[in-house]
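One structure below.
There are 2 protein chains.
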Amino acid sequence: MQYSQMSNPELAAEFNELKKQYEELKAQNLKLDMSRGKPAGEQLDLTMNMLKEVIGVCDCKSESGLDCRNYGVLDGIPECKRLFAEMLEVDSDNIILGGTSSLTLMFDYITQCMLTGAGDKPWSQQGDIKFICNVPGYDRHFGICEYYGIKMINVPMLSDGPDVEKIAELVKDRSVKGMFCVPKYSNPTGVTYSDEKIRALAALKPAAKDFRVIWDNAYIVHDFLENPDKVLNIFEACKEFGTEDYFIEFTSTSKISFPGAGVSCLAASDKNIQMIKKRFNTQMIGHDKLNQLRHAKYFKNLDGIKAHMKKHAALIEPKFNVVIDTFEKELAGTGLASWTKPNGGYFISLDTQQCSAMRVGELCKSLGVVLTSVGATYPYGKDPEDKNIRIAPTFPSVTDIGRAAEVLCLCIKLATIEKMM
Amino acid sequence: MQYSQMSNPELAAEFNELKKQYEELKAQNLKLDMSRGKPAGEQLDLTMNMLKEVIGVCDCKSESGLDCRNYGVLDGIPECKRLFAEMLEVDSDNIILGGTSSLTLMFDYITQCMLTGAGDKPWSQQGDIKFICNVPGYDRHFGICEYYGIKMINVPMLSDGPDVEKIAELVKDRSVKGMFCVPKYSNPTGVTYSDEKIRALAALKPAAKDFRVIWDNAYIVHDFLENPDKVLNIFEACKEFGTEDYFIEFTSTSKISFPGAGVSCLAASDKNIQMIKKRFNTQMIGHDKLNQLRHAKYFKNLDGIKAHMKKHAALIEPKFNVVIDTFEKELAGTGLASWTKPNGGYFISLDTQQCSAMRVGELCKSLGVVLTSVGATYPYGKDPEDKNIRIAPTFPSVTDIGRAAEVLCLCIKLATIEKMM
């Protein structure tokens with residue numbers, strides 16, 4: 001029976017029963033963490049052989065003949081650029097490799113727009129500027145805007161991508177300079193943008209000619225299924241509209257090889273590549289080419305990466321399943337919450353009833369279960385409806401994540417009844 | 001006999017003799033490169049065993065217990081921070097590790113000053129700003145200023161450091177925001193700053209309270225001698241004057257381990273570290289921790305680095321010697337040129353007579369010997385006296401560098417006589 005259909009005495013009885021379960025769990029002194037989109041140790045073990053590559057003198061040469069140990073090459077060695085080019089379905093010439101973290105490539109790109117512009121005056125000299133943020137979304141994206149004082153405008157994520165109609169209205173404002181998108185297995189909803197949505201984004205006619213979309217394809221090969229979600233190549237979609245300068249794509253091997261020692265990458269139009277390379281010429285001598293060589297030698301090509309990602313999926317999918325199974329068992333049909341069932345990526349997004357998520361977070365914490373800070377999936381850390389919870393199931397063991405999901409369900413029930421009583 | 005004392009017929013005879021040598025050399029189709037401050041392959045071979053570190057699962061743990069393969073730690077793992085702290089004689093808390101290239105740390109720091117300031121308004125909002133550049137100096141430093149439109153003011157390098165009296169005058173101007181210094185084995189002169197100079201720099205009273213010195217200690221352990229040059233710890237020197245916020249120190253392992261896969265580092269006051277970490281929080285997830293672990297495990301401590309640098313010195317010093325011996329033999333007492341004799345580092349600086357260096361560069365090039373672009377050691381690539389040539393002897397073999405030095409001497413003689421005739 002749904003809580004909304006219960007009489008007061010029925011609710012009170014349910015509350016007492018839940019409270020009893022709560023006290024039992026509390027006595028167990030649990031310590032479970034569902035907060036971090038972090039691979040588990042056994043996922044990292046999958047790539048250990050990569051570290052044995054590049055250990056002999058002759059192994060340190062790129063196919064171009066370059067000694068990767070020495071200076072040279074700003075945008076990455078050819079075999080590693082090719083690996084990413086195949087993954088992103090772009091030409092190698094439109095690829096630039098970075099260091100470990102694609103977030104740095106994004107931050108540095110926005111910094112460049114702020115200080116030297118994106119074909120118009122520097123953003124920092126254009127008065128108040130704004131970014132569109134699809135919500136719920138990724139807190140690190142929002143953090144860049146907040147750091148630079150770029151005002152953020154929430155646009156809701158729908159089941160097949162962002163609300164493009166709303167976006168099309170917003171970009172009529174010249175001060176709206178850009179947007180963040182995670183087109184595949186979006187953080188945190190797990191939504192993959194439909195072809196229709198991507199075409200509509202490619203067709204946008206922003207008033208600002210220096211409009212830029214941070215197209216963060218972080219989970220491009222992070223599939224669970226034999227027939228995975230497919231995401232339209234944004235640059236292909238742009239061709240029809242001549243809008244390829246508006247999009248800069250990013251990805252990395254953080255969740256393919258090692259979060260602490262991966263290779264990041266951006267893909268962009270010829271014009272944007274040229275502008276970014278101009279900065280690279282002054283900003284650096286080059287990124288870690290031995291690590292690029294390790295990655296290229298170990299994965300070889302996209303097939304190599306795909307085979308590798310199946311091993312990751314075999315470790316991750318059971319963790320997603322145990323969470324979703326627990327939700328189905330405990331919450332299906334109750335009206336207490338809704339959740340996403342992603343076909344890949346690192347997150348499940350759960351919506352409680354309005355004005356409940358903070359309380360659920362508190363209750364979970366009191367039972368030793370840490371969730372991603374409630375609100376973090378919204379700009380400025382403020383979820384206007386206080387309902388979204390990001391669940392990161394990858395790091396704990398299957399057993400632990402299952403228990404954590406049970407605790408979460410109990411806390412959702414408790415928080416809801418508390419509010420009703 | 002000096003050219004200036006020769007009669008016209010004597011000069012003509014000398015010219016003909018030199019021209020004959022020139023034609024003989026031209027027929028040899030030489031291809032020699034003295035342009036790049038780049039370690040030779042056999043120097044890189046010295047560190048190959050480092051790449052074999054960090055290959056077992058248990059080896060990927062930092063002493064802090066952190067799995068270096070995974071996310072976590074913005075400023076670097078403790079054992080690698082300690083390694084740099086010992087090298088720079090500062091507390092580990094005042095160290096932040098970067099990626100492969102210290103130039104990036106410098107660029108990013110200046111970018112931060114431009115966009116969010118160094119305790120005052122952002123530099124980019126303070127109208128025209130200026131930097132002091134000690135000349136001859138490092139073109140990559142000048143490149144950062146040029147990229148951001150920061151006006152550069154030349155101050156001559158003397159035999160024991162920059163002309164601090166001139167600097168003390170210049171910093172009375174509030175728009176002078178900073179300065180580049182390479183305090184040990186300076187690029188390209190090889191000069192090490194005397195204690196007196198460093199104390200005078202520490203005692204500067206700039207009008208701009210957001211004045212910042214890029215203290216690029218790139219060659220801090222790159223000694224040739226048993227009793228190497230010692231450079232005063234800048235932060236110790238600052239204590240007396242309370243000026244530690246004016247200095248940010250940088251270094252890297254580029255010329256210790258691998259230019260293409262090293263670890264960079266900055267050291268700064270508590271206040272500056274805090275401001276830089278604030279940016280790091282938004283800019284990145286972390287730098288390559290496995291590479292930090294490799295470096296820490298392989299070198300262990302400063303003694304380990306010093307022992308390693310002796311092996312580098314054994315390979316480099318003979319190359320410096322052959323160049324300087326050739327200069328002594330061919331040019332000593334002629335008045336045609338003067339040159340530095342550094343006790344370490346990567347460069348020799350040679351001054352021809354005025355208005356000759358460009359022509360020397362052309363003549364060398366016509367004989368297949370590539371020098372660093374003449375002028376590159378000055379801001380905007382313009383050597384006002386057209387006399388400075390930076391010689392980078394490390395990359396070619398001893399034999400090749402000896403021949404290149406002979407070619408250079410011949411071209412200096414030719415260029416001078418051409419001008420006199």
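Going down the list, the sequences are from chains A and B.
Once you know that position 132 of the first sequence is 132 in the working numbering, the rest is easy, because the numbers rise by one and skip nothing.
Once you know that position 288 of the second sequence is 288 in the working numbering, the rest is easy, because the numbers rise by one and skip nothing.
The beta carbon of each residue, even a glycine, is placed where N, CA and C say it ideally should be.
Inside the segment 203-273 of chain B only - alpha helix (DSSP H) runs reaching at least 4 residues:
234-239
With 16 other CB atoms within 10 Å as the buried threshold, where does Cys-355 of chain A fall?
exposed
Tell me whether Glu-42 of chain B is buried or exposed, calling it buried when 16 or more other Cβ atoms sit within 10 Å of its Cβ.
exposed
Exposure label - Ala-448 of chain B; buried when at least 16 CB within 10 Å
Past the edges of chain B, shown from 1 to 421, lies residue 448 of chain B, and the structure says nothing about it.
Skipping 5 residues on each side, what residues in its chain have a beta carbon closer than 6 Å to that of Asp-223 of chain A?
Gly-344
Kindly give me the distance between the Cβ atoms of Gly-286 of chain A and Gly-260 of chain B, rounded to whole angstroms, as I take these residues to be in contact under 8 Å.
6 Å
Let me know the secondary structure DSSP gives Leu-32 of chain B once reduced to three states.
strand
May I ask you to list, following chain order, the residues of the segment 63-82 of chain B that have a beta carbon less than 9 Å from some beta carbon of chain A?
Leu-66, Asp-67, Cys-68, Arg-69, Asn-70, Tyr-71, Gly-72, Val-73
Option in A:Phe-258, A:Asn-29, A:Tyr-109, A:Val-176 with minimal Cα separation from Asp-67 of chain B:
A:Phe-258
Within 8 Å of any Cβ in chain B, is that where the Cβ of Phe-347 of chain A sits?
no
Establish whether the CB of Thr-100 of chain A and some CB of chain B are separated by less than 8 Å.
yes
Could you check if Met-87 of chain B is buried or exposed, using at least 16 other CB atoms within 10 Å of its CB as the buried criterion?
buried
With a threshold of 16 other CB atoms inside 10 Å of the CB of Ser-102 of chain B, please say whether the residue is buried or exposed.
buried
Please list the residues of the segment 283-294 of chain A that have a C-beta atom closer than 8 Å to any C-beta atom in chain B, keeping them in chain order.
Gln-283, Met-284, Ile-285, Gly-286, His-287, Asp-288, Lys-289, Leu-290, Asn-291
Cα-Cα, which of A:Gly-127, A:Phe-395, A:Ser-194 is closest to Arg-36 of chain A?
A:Phe-395
Start-to-end residues for the alpha helix (DSSP H) that takes in Asp-45 of chain A
41-45
Taking the runs of the beta strand (DSSP E) that are 3 residues or longer, which of them lie wholly in the segment 350-415 of chain B?
369-371, 388-391
List, in order along the chain, the chain B residues whose C-beta lies closer than 7 Å to that of Leu-371 of chain A?
Going along chain B, no residue has its Cβ under 7 Å from Leu-371 of chain A, so there is no contact; the nearest lies around 17 Å.
Give me the chain B residues within the contact set of Ser-124 of chain A, using Cβ-Cβ distance strictly less than 7 Å, ordered along the chain.
Leu-115, Ser-124
Can you grab the Cα-Cα spacing for the pair Ser-264 of chain A / Ile-129 of chain A, in whole Å?
28 Å
If contacts are defined as beta-carbon pairs under 8 Å, then Val-231 of chain B and Thr-192 of chain B qualify, I think. What distance do you get, rounded to the angstrom?
6 Å
Cβ atoms of Met-152 of chain A and Cys-181 of chain A: under 8 Å apart, would you say?
no
Tell me whether the beta-carbon of Lys-277 of chain A lies closer than 8 Å to the beta-carbon of Leu-97 of chain A.
no
So if I threshold CB-CB distances at 8 Å, which residues from the segment 245-268 of chain B count as touching chain A?
Ser-254, Phe-258, Pro-259, Gly-260, Ala-261
Please report how far the alpha carbon of Cys-60 of chain A lies from the alpha carbon of Ala-40 of chain B, in whole angstroms.
14 Å
For a test of the three-state rule: what should DSSP assign to Asp-67 of chain A, helix, strand or coil?
strand
Using the DSSP secondary-structure output, state which residues sit across from Cys-145 of chain B in a beta bridge.
Per DSSP, none; premise fails for Cys-145 of chain B.
Taking Met-179 of chain B as part of the alpha helix (DSSP H), name the residues at either end of that continuous run.
Per DSSP, Met-179 of chain B belongs to no alpha helix (DSSP H); it is in the beta strand (DSSP E), 176-181.
For Asp-210 of chain A, which option in A:Phe-235, A:Asp-245, A:Tyr-378, A:Lys-197 has the closest C-alpha, if you only look at C-alpha atoms?
A:Asp-245
Can you find the residues in the same chain that come closer than 8 Å, C-beta to C-beta, to Ile-417 of chain B, ignoring five residues on each side of it along the sequence?
Tyr-3, Leu-11, Glu-14, Phe-15, Leu-18
Same chain, Cβ closer than 7 Å to Lys-311 of chain A, five either side skipped, listed in chain order
Leu-46
Give the DSSP-derived three-state secondary structure of Pro-122 of chain B in the structure shown.
coil
Less than 8 Å separating the beta-carbons of Ala-237 of chain A and Ile-198 of chain A?
yes
Cutoff 8 Å: Leu-232 of chain B Cβ touching any chain A Cβ
no
Phe-131 of chain A bridges to which residues according to DSSP?
A:Met-152, A:Gly-178
Taking Cβ-Cβ distances shorter than 7 Å, what residues in chain B pair up with Thr-111 of chain A?
Thr-111, Leu-115
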